[in-house]
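> In this note's numbering, the protein residues as written are 2 to 60. Using N, Cα and C, we set each Cβ at its ideal position, and we do this for glycine too. Predicted, not measured: the structure shown is a model, and the values here were computed from it.
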């Protein structure tokens, strides 16, 4: 599950509950970190869509 915000304590508890299907929660901070971590591996067309291409490249 992905959100640009954050998850409630209840959502986190439910995602970690025993006996349920495993659920990975990705909040806005996680998503930003993953985007930056894998930025260099991304195709230029996606970098430009995010508007980060020039910022991170210094152009």
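Taking the straight line between their C-alpha atoms, what separation do you get for residue 48 and residue 22?
Cα to Cα, residue 48 sits roughly 33 angstroms from residue 22.
> Considering residue 42, what are the terminal residues of the alpha helix (DSSP H) in which it resides?
Note, residue 42: premise wrong, no alpha helix (DSSP H); not H, not E.
> Do the CB positions of residue 28 and residue 7 come within less than 7 angstroms of each other?
Against a cut-off of 7 angstroms, the Cβ pair of residue 7 and residue 28 comes out as a contact.
> Return the residue from the list 14, 52 and 30 that minimises the CA-CA distance to residue 3.
Out of 14, 52 and 30, 30 has the C-alpha closest to the C-alpha of residue 3.
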